[in-house]
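Report on the following structure.
There are 2 protein chains.
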Amino acid sequence: MAPEGGTVRELLRAGPSAVDLGAIDPRSTPGLPAAAGSGRGRKAWARGQVELLGAALGRQQEMLYAAASGVAGPGAPAGAPTAADPGLGRGRPGRVLLVLQAMDCGGKDGTIKRVAGAMNPLGLHIRSFGPPTEQERRHHFLWRVRRAVPPPGYVGIFNRSHYEDVLIARVESLVPEATWRARYDEINAFERKLTAGGVTLLKVMLHISHAEQGARLLERLTDPTKHWKYQPSDLDSRARWDDYQAAYAEALSRCGADAAPWYVVPADRKWYRDWAVAHLLRETFDDLDLGYPPADFDVAAERRRLCGG
Amino acid sequence: MAPEGGTVRELLRAGPSAVDLGAIDPRSTPGLPAAAGSGRGRKAWARGQVELLGAALGRQQEMLYAAASGVAGPGAPAGAPTAADPGLGRGRPGRVLLVLQAMDCGGKDGTIKRVAGAMNPLGLHIRSFGPPTEQERRHHFLWRVRRAVPPPGYVGIFNRSHYEDVLIARVESLVPEATWRARYDEINAFERKLTAGGVTLLKVMLHISHAEQGARLLERLTDPTKHWKYQPSDLDSRARWDDYQAAYAEALSRCGADAAPWYVVPADRKWYRDWAVAHLLRETFDDLDLGYPPADFDVAAERRRLCGG
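Next up, the structure:
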């Protein structure tokens, strides 16, 4: 069922004009059709829609994979040079990269499980970015990111990303201001290069409220099977909530070009979050006009070889 | 529901004594309990079991991921040095590596979709090995494999593997006999190093019949949405079926140490194949005695910090 009031991409786009996160209600549900009903029924409805969308995403992902298989071949190592585009199939053999950012407890892991879980894991290229290792710190901040770019045919997901380098790096003063300020332009140049290389970028901020984060942190402190997800430093970041929101707002407006757009997904309601991200992916895939590539061999001759006829 | 006649690992283990693939019926269903019924009902039953097993595998995968999160941290780049084992949690923080091998059309991709698809893609580390690139050919045959080893906390899957270097390399004479003959020992040494580093190896050959391969190839030649999976060279490999079976048999017996065992899964019936691989994974996870790690912080103090109480 189609979203109401426009595409989800139209409804959730943020930037490149100034972004006011305070004006976006984390409990809102933009685009959710009236058919979803009200109250608790909406949750079940949205979960059902995500299942349906997931099946469609799986088919589109296979076409993306198939279109690339005749070129450099899926399975080529990450970061391998992009093969020249020979115009295989109806669309361009490409790759999609979903960048997920959020405050702690924002739901990145859950989104990956629910939305990406519907696709064939064989065609997914997921990378999580934690605090940089000693080796990574010796390189430019984009070094580890370049190595994580999905190969042609793959759907990549960044669980956190190079945006941490203008978020935590800024708020926690990990580098001088001049350094992180220069990074907006460096990120824009990097992303322009990606899109020129056939990578379709979809950048998503999962937007939760301060109150919802508190509730989810409390859950992690209450349920022993969730202790491992908690770190005392989470509360230090929480104490700087406003600084992080300001850093997010600037990143979204400074790095929100049309070819590498940002979307803000209200994420206090997990079912809406998943529904919205699934739609964002679906709309992105639809634009690629995917199809199965035609045979590059003589089908009838191969059938004769196989059947000995 | 438990398998009958032993664990699936006991029933499907091949090697290190001589392996006779001709004696293993690709349509057989070892371990399938009588409760599965007969005829077409067995298929639905097995699919339901795979769903249930998948949910359990997902929980165990999360524990594996959690146990590693306090150590080097999931998200550490592939091939990063193994962190020293501090004995976190009830089990050892480790990693599991499923190696999948099969003749063309053997069902590797389908197995990954069905069985791995039940787990959280965030914790999967899947690598496909195609023909080596020019860069890879300049290195030792294990170079690209070492770089693909899953980091601690991850479930890795090799879609084809270093075994191609004693299979296709042997049958198609890509290297001199002395070279591929030496590789059995090199592989054994490599796998010993992996297991010593905390990697639990599970090597699976999906065993299909010559007739079933013919039927699946014909399907790829008949359905235009499957043309992309077909290559004319598939028929050249098919013509050397017996040579490949002999190469498999030798690899399974030469590289079948108890710490890095091979299993042969009869794979003409896709539903049995998925059921058996899900059980193999489940039994492997069970051995790891996984649990959630205890908090490494003062839970009560953190609750007071969070709630301001």
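Keeping their order, the protein sequence lines are chains A and B.
The numbering used here applies: residue 1 is where the first sequence begins, and numbers increase by one.
The numbering used here applies: residue 1001 is where the second sequence begins, and numbers increase by one.
All C-beta atoms in this analysis are idealised placements derived from N, C-alpha and C, irrespective of residue type, glycine included.
The structure presented is a predicted model; accordingly, all values stated were derived computationally and were not measured.
Note to self: Just to confirm the assignment: which complete beta strand (DSSP E) runs, minimum length 3, are found wholly within the segment 1113-1172 of chain B?
What the structure shows: Listed in chain order, the complete beta strand (DSSP E) runs (minimum 3 residues) inside the segment 1113-1172 of chain B are 1124-1128, 1155-1159.
Margin query: Within the continuous alpha helix (DSSP H) that includes A/K43, where are the two ends?
Written below: Residue mapping note: residue 43 of chain A aligns to position 43 of the first sequence, counting from 1. If you look at A/K43, you'll find it in the alpha helix (DSSP H) that goes 41-69.
Note to self: Please classify A/G294 as buried or exposed, where buried requires at least 16 other C-beta atoms within 10 Å of its C-beta.
What the structure shows: Taking the first residue of the first sequence as position 1, residue 294 of chain A is located at position 294. Note on residue identity: the sequence assigns Pro, not Gly, to residue 294 of chain A. So A/P294 ends up on the exposed side.
Checklist line | Bridge partner(s) assigned by DSSP for A/Q101 | finding: In the first sequence, counting from the first residue as 1, residue 101 of chain A sits at position 101. The partner list for A/Q101 (beta bridge, DSSP) reads A/M205.
Checklist line | Those residues which DSSP pairs with B/Y1263 across a bridge | finding: Counting from one through the second sequence, the residue named residue 1263 of chain B turns up at place 263. DSSP, once it has assigned bridges, lists B/R1013, B/V1204 as partnering B/Y1263.
Check: Would the beta-carbon of B/G1015 fall within 8 Å of that of B/S1253?
Finding: Against the second sequence, residue 1015 of chain B aligns to sequence position 15. Against the second sequence, residue 1253 of chain B aligns to sequence position 253. Taking C-beta atoms as the reference points, B/G1015 and B/S1253 count as a pair closer than 8 Å.
Next item on the list: Please list the partners that A/D242 has in chain B, where partner means a Cβ-to-Cβ separation under 8 Å.
Entry: Along the first sequence, read from residue 1 onward, the residue named residue 242 of chain A stands at position 242. Simply none; closest approach about 17 Å.
Check: Any Cβ of chain B within less than 8 Å of the Cβ of A/W228?
Finding: Reading the first sequence from its first residue, position 228 is the one you call residue 228 of chain A. With its beta carbon less than 8 Å from one in chain B, A/W228 belongs to the interface.
Notebook entry, point to check: With 8 Å set as the bound, which would you pick, yes or no: does the beta-carbon of B/P1161 sit closer than that to a beta-carbon of chain A?
Noted result: Indexing the second sequence from 1 puts residue 1161 of chain B at position 161. Note on identity: in this sequence residue 1161 of chain B is Ser, with Pro being the wrong assignment. Using a CB distance cut-off of 8 Å, B/S1161 does not count as an interface residue toward chain A.
Checklist line | DSSP three-state assignment for A/V8, whether helix, strand or coil | finding: Within the first sequence, the letter at position 8 stands for residue 8 of chain A. A/V8: helix per DSSP, three-state reduction.
Margin query: For a contact defined as C-beta to C-beta under 7 Å, what are the partners of A/A295 on chain B?
Written below: Numbered from 1 along the first sequence, position 295 holds the residue referred to as residue 295 of chain A. Going along chain B in sequence order, the residues near A/A295 (Cβ under 7 Å) are H1227.
Margin query: Just verifying my parser: in three-state terms, what is the DSSP assignment at A/V299?
Written below: Walking along the first sequence from the start, residue 299 of chain A turns up at place 299. Helix, per DSSP.
Next item on the list: Spatial neighbours of A/V171 within its chain, please: CB distance less than 7 Å, with the 5 preceding and 5 following residues excluded, ordered by chain position.
Entry: Residue 171 of chain A sits at position 171 when you count from the first residue of the first sequence. Setting aside the 5 residues that flank it on each side, A/V171 is surrounded in the same chain by R240, D243, Y244, A247, each with a C-beta closer than 7 Å to its C-beta; the list follows chain order.
Next item on the list: Would you please verify whether the beta carbon of A/A66 is less than 8 Å from any beta carbon of chain B?
Entry: Here residue 66 of chain A is taken as the residue at index 66 of the first sequence, counted from 1. So yes, A/A66 belongs to the interface.
Check: Could you check where the alpha helix (DSSP H) with B/V1277 kicks off and where it finishes?
Finding: Residue mapping note: residue 1277 of chain B aligns to position 277 of the second sequence, counting from 1. For B/V1277, the enclosing alpha helix (DSSP H) has its first and last residue at 1270-1287.
Margin query: Rounding to the nearest angstrom, what Cα-Cα distance links B/A1259 and B/G1006 in this structure?
Written below: Sequence index remark: in the second sequence, residue 1259 of chain B carries index 259 (1-based). Sequence index remark: in the second sequence, residue 1006 of chain B carries index 6 (1-based). Rounded to whole angstroms, the gap between the alpha carbons of B/A1259 and B/G1006 is 19 Å.
Item checked: Beta carbon proximity, B/G1091 to chain A, threshold 8 Å -> Reading the second sequence from its first residue, position 91 is the one you call residue 1091 of chain B. Because the pLDDT of B/G1091 is 42, which lies under 50, any placement of that residue in the model is unreliable, and the number read from its coordinates should be weighed accordingly. Residue-level contact check: B/G1091 does not touch chain A, since none of the beta carbons of chain A fall below 8 Å from its beta carbon.
Item checked: Min CB distance A/I126 to chain B below 8 Å -> The residue labelled residue 126 of chain A in the question sits at position 126 within the first sequence. Yes, A/I126 lies at the interface with chain B (some Cβ there is under 8 Å from its Cβ).
Checklist line | Simplified DSSP state of A/R254, which is helix, strand or coil | finding: Residue mapping note: residue 254 of chain A aligns to position 254 of the first sequence, counting from 1. Note: A/R254 maps to helix in three-state DSSP.
Check: Just by C-beta distance, which residues in the segment 1147-1173 of chain B are closer than 7 Å to chain A?
Finding: The segment 1147-1173 of chain B vs chain A, Cβ under 7 Å: N1159.
Margin query: Three Cβ pairs or more, each shorter than 8 Å: is that satisfied between the segment 1037-1055 of chain B and the segment 1133-1141 of chain B?
Written below: Judged by Cβ distances under 8 Å, the segment 1037-1055 of chain B makes no contact with the segment 1133-1141 of chain B, as fewer than three pairs qualify.
Notebook entry, point to check: Using a Cβ-Cβ cut-off of 6 Å (strictly less than) and excluding sequence neighbours within five positions of A/S128, which residues of its own chain qualify?
Noted result: For the purposes of this step, residue 128 of chain A is taken as the residue at position 128 of the first sequence. Around A/S128: N159.
Notebook entry, point to check: How many whole angstroms separate the CB atoms of B/A1102 and B/M1205, which I take to be in contact at a CB cut-off of 8 Å?
Noted result: As a first step, residue 1102 of chain B is located in the second sequence; it is residue number 102 there, counting from the start. As a first step, residue 1205 of chain B is located in the second sequence; it is residue number 205 there, counting from the start. Their Cβ separation, rounded to whole angstroms, is 6 Å, which keeps B/A1102 and B/M1205 in contact under 8 Å.
Check: Between the segment 1272-1286 of chain B and the segment 1022-1037 of chain B, do at least 3 Cβ pairs fall closer than 8 Å?
Finding: Contact between the segment 1272-1286 of chain B and the segment 1022-1037 of chain B is present, because at least three Cβ pairs lie under 8 Å.
Check: Would A/E302 count as contacting chain B if we go by Cβ distances under 8 Å?
Finding: Within the first sequence, numbered from 1, the residue matching residue 302 of chain A stands at position 302. For A/E302, at least one C-beta of chain B is nearer than 8 Å to its own C-beta.
Check: Is A/G156 buried or exposed, if buried means 16 or more other CB atoms sit within 10 Å of its CB?
Finding: Taking the first sequence and counting its residues from 1, one reaches residue 156 of chain A at position 156. Buried, because 16 or more other Cβ atoms sit within 10 Å of the Cβ of A/G156.
Next item on the list: Compare the C-beta of A/D274 against all C-beta atoms of chain B and say whether one is closer than 8 Å.
Entry: The residue labelled residue 274 of chain A in the question sits at position 274 within the first sequence. So, not an interface residue.
Check: Can you name the residues of chain B whose CB is closer than 8 Å to the CB of A/V299?
Finding: Looking up residue 299 of chain A in the first sequence gives position 299. The contacting residues are L1221, H1227.
Check: Which residues in the same chain have their Cβ closer than 8 Å to the Cβ of B/D1223, if we skip the five residues on either side of it in sequence?
Finding: Counting from 1 along the second sequence, the entry for residue 1223 of chain B is found at position 223. Taking B/D1223 as the centre and dropping the five residues before and after it, the same chain places no C-beta closer than 8 Å to its C-beta.
Notebook entry, point to check: Taking all protein chains shown into account, do 16 or more other C-beta atoms lie within 10 angstroms of the C-beta of B/P1176, making it buried, or fewer, making it exposed?
Noted result: As a position in the second sequence, residue 1176 of chain B is number 176, starting the count at 1. Burial call: exposed.
Margin query: Taking the straight line between their C-alpha atoms, what separation do you get for B/T1284 and A/T284?
Written below: On the second sequence, position 284 is the one that residue 1284 of chain B refers to. On the first sequence, position 284 is the one that residue 284 of chain A refers to. Rounded to the nearest angstrom, the gap between the Cα atoms of B/T1284 and A/T284 is 39 Å.
Next item on the list: Inspect the beta-carbon positions of A/L288 and A/G110 and report whether they are closer than 8 Å.
Entry: Position 288 of the first sequence, counted from the first residue, corresponds to residue 288 of chain A. Position 110 of the first sequence, counted from the first residue, corresponds to residue 110 of chain A. It is not a contact, given that the beta carbons lie outside the stated cut-off.
Item checked: Inter-stretch contact (C-beta, 8 Å, three-pair minimum) for the segment 1297-1309 of chain B and the segment 211-225 of chain A -> Pairwise C-beta distances place the segment 1297-1309 of chain B in contact with the segment 211-225 of chain A, as three or more of them are shorter than 8 Å.
Next item on the list: Could you please give me the residues that DSSP links to A/R95 through a beta bridge?
Entry: Here the question's residue 95 of chain A lines up with position 95 in the first sequence. In the DSSP assignment, A/R95 forms a beta bridge with A/V199.
Item checked: Pairwise C-alpha distance: A/W228 and B/R1059 -> Walking along the second sequence from the start, residue 1059 of chain B turns up at place 59. Walking along the first sequence from the start, residue 228 of chain A turns up at place 228. The alpha-carbon atoms of B/R1059 and A/W228 are separated by roughly 14 Å.
Notebook entry, point to check: Which of the three DSSP states, helix, strand or coil, is assigned to B/Q1213?
Noted result: As a working note, residue 1213 of chain B is residue 213 in the second sequence. It is helical.
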